[in-house]
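Student:
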Amino acid sequence: MGGAAAASIAWSRCGGADCIRLSGLAAGLGGLDPGLSGLAAGLGVEVRPQLEVAAEGFPAMAGRLVRDGDDVCFVPRFGFADGTSYTIAVGGTTAAVLTRPRPQPAASTEVLAIYPTAAEVPRNLLRFYVWFSAPMSEGYAARHVQLVDATSNEPMAGAVLPAGSELWSADRRRLTVLLDPARIKRGLTAQRQAGYPLRRGEPFRVVVDDGFRDALGRRLRGAAERRYAVGADERRRVDPGTWTVFAPSGGTREPLEVEFDRPLDHGLLTRCLHVTGPDGLPVAGSPEPGPGERSWRLTPGRPWAPGSHRLIADPVLEDLAGNSVSRVFDRDLARPEDRPRPVSGTASVAFCAR
Amino acid sequence: MSEYGLRPGSANVQSAGPITFGPAGILFLADNGSATVFAVDVADQGRSAGPEPFDLADVDARIGSYLGCAASDVDIRDMAVHPVSHGVYLSVQRGHGAAGQAVLVRIGVPDGAVTDVPLGRVPVAQTAIGDAPAEDDQRQDVTLPTGDQGEEVTYGGRTIRILRRPIRTSTVTDMAYVDGDPGALLVAGLSNEEFSSRLRRIPFPFGADVTGNSLEIFHVSHGKWETAAPIRTFVPYDHGASILASYTCTPVVHFPLAGLAAGSKVVGRTVAELGSMNQPLDMVSFADEGEEYLLVANSSHGLIKIACRDIDGQAPLTTPREPVGVPRETKDLQGITRLANLNGGYVLALQVDGDGRRHLRSLKTASL
Chain A
1 MGGAAAASIA WSRCGGADCI RLSGLAAGLG GLDPGLSGLA AGLGVEVRPQ LEVAAEGFPA
61 MAGRLVRDGD DVCFVPRFGF ADGTSYTIAV GGTTAAVLTR PRPQPAASTE VLAIYPTAAE
121 VPRNLLRFYV WFSAPMSEGY AARHVQLVDA TSNEPMAGAV LPAGSELWSA DRRRLTVLLD
181 PARIKRGLTA QRQAGYPLRR GEPFRVVVDD GFRDALGRRL RGAAERRYAV GADERRRVDP
241 GTWTVFAPSG GTREPLEVEF DRPLDHGLLT RCLHVTGPDG LPVAGSPEPG PGERSWRLTP
301 GRPWAPGSHR LIADPVLEDL AGNSVSRVFD RDLARPEDRP RPVSGTASVA FCAR
Chain B
1 MSEYGLRPGS ANVQSAGPIT FGPAGILFLA DNGSATVFAV DVADQGRSAG PEPFDLADVD
61 ARIGSYLGCA ASDVDIRDMA VHPVSHGVYL SVQRGHGAAG QAVLVRIGVP DGAVTDVPLG
121 RVPVAQTAIG DAPAEDDQRQ DVTLPTGDQG EEVTYGGRTI RILRRPIRTS TVTDMAYVDG
181 DPGALLVAGL SNEEFSSRLR RIPFPFGADV TGNSLEIFHV SHGKWETAAP IRTFVPYDHG
241 ASILASYTCT PVVHFPLAGL AAGSKVVGRT VAELGSMNQP LDMVSFADEG EEYLLVANSS
301 HGLIKIACRD IDGQAPLTTP REPVGVPRET KDLQGITRLA NLNGGYVLAL QVDGDGRRHL
361 RSLKTASL
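Protein chains in written order, with this note's numbering: chain A, 1 to 354; chain B, 1 to 368.
Quick look at the structure:
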């Protein structure tokens, strides 16, 4: 069969899947069973992607040959990749090279927000979040998200936790970026040698450039950035007792307003605060972090019942430096007041709807 | 496979994560898309392999050739070696974004043949990571349900109903299986929100009710500061009695596995630091002339070798100095990102060269 030749070789569809169609190759095969496993070996059809590095012994692309009338179709087990060229060999001879088109749809995805939104962050800032308007591709964060010194405009090398797994929300729209914890934790060699990633009094910018690809492989519509001033370290536990609660009036749908003593982590804030009513049942409504993540409000779905309510904080709630309700991020063993606090389930603040 | 609770089904992995072998040739695969760990019978038919080394140049391009894509579209996320056939299993993400696809690739030893391992219609069991943490584990997503879901809790004289939900997206950074009765799969993860140190111990076969518990691991640095930190990579040694864990911030910490109660806080013993601007990537243990050693692959230094007896004899670090902690040898072996025990005489390394090409390379343990 080595002498068999196809009249034409082209992209096509076969049985609902993309394929490479070799027209006329099956002519003369007679009553050969369509789709039979021996077809590939018998016809000597092999498909290979063109690679920068290629050598003898590289495997052919996985797939199967399907007979379609007088044609033979190569249906790959893993789809053809956009922009990749494929060499089709028949009987050991290159018969065609086909290049998969690379669609260039217009960029439509953009950065919706960068958190925190506070103008000033503590020197020991632990993480920030980047929200995108559509699901994103993995593998671009290290090259396309940077911290930049706002004075010199130089990238701050080594500020962000390098390599390893990217941290995405399940829908791939929110990226969590950690500053290198080894440079924030006291007592570690990295902290002593390289110092904090941020320097007090020296502003910086978080920059997301437009090379970041969305899930469809498109660049962003534009770059995005947020500028921060850098303040003092924050090394205190988050204490709901220090919060200011502005109680709403009973019988109204006024929002409950809570002001914090410092900005809190946006990601955790959206899920770690809840309110229960006089009956002990949760108050349904629309929670919303306030400007700079220094406050939180809850607009109830129904008017407030008069009487005693509770604002309940999940102990995992952290501030910008990773201090939570139950522990400080980086505990000085000589400070008994920083010992992890046993919090049974939740911490709460009482207030009364007037 | 039914004795391990595996039933015909599919391991629908969305985002390739760490892999490791368990008992009877069962492979555990972490899916970082759905926060699930699958146990799959890979039905490896390979014959029992010998003590020879195995090397394969351009493993990424070979896989690309088989999968029909460029080597740059082959993201090799983890590597495991089958205990009998010594076949090399690679957890691969092919392509990016919506077109991305998780593929389990098998490299035959010694022929180097590339195939993919079917994950559909195979004996499989699965467990969600973060489901049902221990009752007293505070580190979970607590919500107040509107219906009658959840449970009643009482505090301050008041009873409310709360719903404990699976912890938010957690990216599995490493897994290991330790024998026992029952055996257990250890899973380290990195949360995309709270900064915590969670090592889950999931009994295997996976239970119908309890899917695991989590241990809070803290490490004490220089006797002065204690912090929680996510484990990046870890390795059981001393027949599973001890764990050596390396953190995102490069301290290397020892803690005993035996006797850990569910949901307990464990304070580890910091025994080494691997230096600044560096990330631990993978660890493996091997024996040589009756002594057990550990190898640590990391992003900024050559391969590091540590003797287990030095770990056992290392007092907790109290005086910062560089290099800090247990004696270690740094080998002139750069670019190693993954490690696995090949056959006792050799450790298999996935190594990236200066041109970004990735190769499989055997390291003779007696020469390390």
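All C-beta atoms in this analysis are idealised placements derived from N, C-alpha and C, irrespective of residue type, glycine included.
#1: Just reading off the beta strand (DSSP E) that residue 358 of chain B is part of, what are its end residues?
#2: Quick check: the Cα distance between residue 37 of chain A and residue 80 of chain B, rounded to an integer number of angstroms?
#3: Suppose the cutoff is 6 Å on Cβ atoms and the five residues either side in sequence are ignored; what does the same chain contact list for residue 42 of chain B look like?
#4: What in chain A is Cβ-close to residue 369 of chain B, meaning under 8 Å?
#5: Is the distance from the Cβ of residue 299 of chain A to the Cβ of residue 255 of chain A below 7 Å?
#6: Would residue 37 of chain A pass as an interface residue toward chain B - the criterion being a Cβ-Cβ separation below 7 Å?
#7: What does residue 413 of chain A reach in chain B if we use C-beta pairs closer than 7 Å?
#8: How is residue 5 of chain A classed by DSSP in three states: helix, strand or coil?
#9: Could you say which of A:50, A:73, A:64, A:120 lies nearest to residue 86 of chain A if we only look at CA atoms?
#10: Determine the closest residue to residue 91 of chain A out of A:20, A:133, A:47, with distance taken between C-alpha atoms.
#11: Going along the segment 288-310 of chain B in order, which residues come within less than 7 Å of chain A, judged by CB to CB distance?
#12: What in chain B is Cβ-close to residue 61 of chain A, meaning under 8 Å?
#13: If we ignore side chains and look at the alpha-carbon of each, how far apart do residue 104 of chain A and residue 218 of chain A end up?
#14: Give the DSSP-derived three-state secondary structure of residue 184 of chain A in the structure shown.
#15: For residue 209 of chain B, does the three-state DSSP call read helix, strand or coil?
#16: By the criterion of Cβ-Cβ separation under 9 Å, what are the contact partners of residue 250 of chain B in chain A?
#17: Any residues in the segment 85-102 of chain B with a beta carbon nearer than 9 Å to a beta carbon of chain A? Which ones, in chain order?
#18: Is the beta carbon of residue 293 of chain A closer than 7 Å to that of residue 355 of chain A?
#19: Using only alpha-carbon positions, find the residue among A:268, A:225, A:247, A:261 that is nearest to residue 239 of chain A.
#20: Residues of the segment 193-206 of chain B in Cβ contact with chain A at a cutoff of 9 Å, in chain order, please.
#21: Do residue 208 of chain A and residue 194 of chain A have their C-beta atoms within less than 7 Å of each other?
#22: Can at least three beta-carbon pairs, one atom from the segment 96-107 of chain B and one from the segment 52-69 of chain B, be found at a separation below 8 Å?
#23: Buried or exposed: residue 126 of chain B, going by 16 or more other Cβ atoms within 10 Å of its Cβ?
#24: Where do the N-terminal and C-terminal ends of the beta strand (DSSP E) with residue 120 of chain B fall, by residue?
#25: Taking the DSSP output, what are the residues bridged to residue 26 of chain B?
#26: Residue 212 of chain A and residue 147 of chain A look like a contact to me (Cβ under 8 Å); what is the Cβ gap, rounded to whole Å?
#27: Candidates B:325, B:286, B:206, B:225: which alpha carbon is nearest residue 38 of chain B's?
#28: What's the gap between the Cα of residue 142 of chain A and the Cα of residue 179 of chain A?
#29: Which same chain residues, not among the five before or five after residue 274 of chain B, have their C-beta less than 6 Å away from its C-beta?
#30: From the DSSP secondary-structure annotation, give me the bridge partner or partners of residue 285 of chain A.
#31: Identify the contact partners of residue 329 of chain B in chain A, using a Cβ-Cβ distance below 9 Å as the criterion.
#32: Which one of B:121, B:306, B:241, B:340 has the shortest CA to CA distance from residue 7 of chain B?
#33: Going along chain A, which residues have a C-beta under 8 Å from residue 221 of chain B?
#34: Give the list of continuous alpha helix (DSSP H) stretches no shorter than 4 residues that lie fully inside the segment 202-263 of chain A.
#35: In angstroms with no decimal places, state the Cα-to-Cα distance between residue 282 of chain B and residue 75 of chain B.
#36: Would you kindly work out how many angstroms separate the C-alpha atoms of residue 145 of chain B and residue 182 of chain A, rounded to a whole number?
Tutor: The structure says:
#1: 358-364
#2: Residue confidence is low: residue 37 of chain A scores 48 on pLDDT, short of 50, so the model does not pin down where it sits. Its coordinate-derived value is still stated next. One C-alpha to the other measures close to 31 Å.
#3: 27, 117
#4: A question about residue 369 of chain B goes unanswered here, because the residues of chain B that appear run from 1 up to 368.
#5: yes
#6: Because residue 37 of chain A sits at a pLDDT of 48, beneath the cut-off of 50, its placement in the model cannot be relied upon, and the following sentence gives the value as read from the coordinates. Not an interface residue.
#7: The requested residue 413 of chain A is not part of the displayed model; chain A covers only 1 to 354.
#8: coil
#9: A:50
#10: A:47
#11: 299
#12: 65, 66, 67, 68
#13: 8 Å
#14: coil
#15: Here residue 209 of chain B scores only 48 on pLDDT, less than 50, and its place in the model is too uncertain to base an answer on.
#16: 182, 188, 189, 190
#17: 93, 94, 95, 96, 97, 98, 99, 100, 101
#18: Residue 355 of chain A lies beyond the range of chain A shown here (1 to 354); nothing can be said about it.
#19: A:261
#20: 193, 194, 195, 196
#21: no
#22: yes
#23: buried
#24: Note, residue 120 of chain B: premise wrong, no beta strand (DSSP E); not H, not E.
#25: B:41
#26: Not quite, the Cβ-Cβ distance comes to about 15 Å (not below 8 Å), so this is no contact.
#27: B:206
#28: 12 Å
#29: 250, 298
#30: A:300
#31: Correct list: empty, because the minimum Cβ distance to chain A is about 18 Å.
#32: B:121
#33: 185, 186, 187, 188
#34: none
#35: 16 Å
#36: Unreliable placement is indicated for residue 145 of chain B, whose pLDDT of 44 sits below 50; the coordinate value is still reported in the next sentence. Distance between the alpha carbons of residue 145 of chain B and residue 182 of chain A is about 38 Å.
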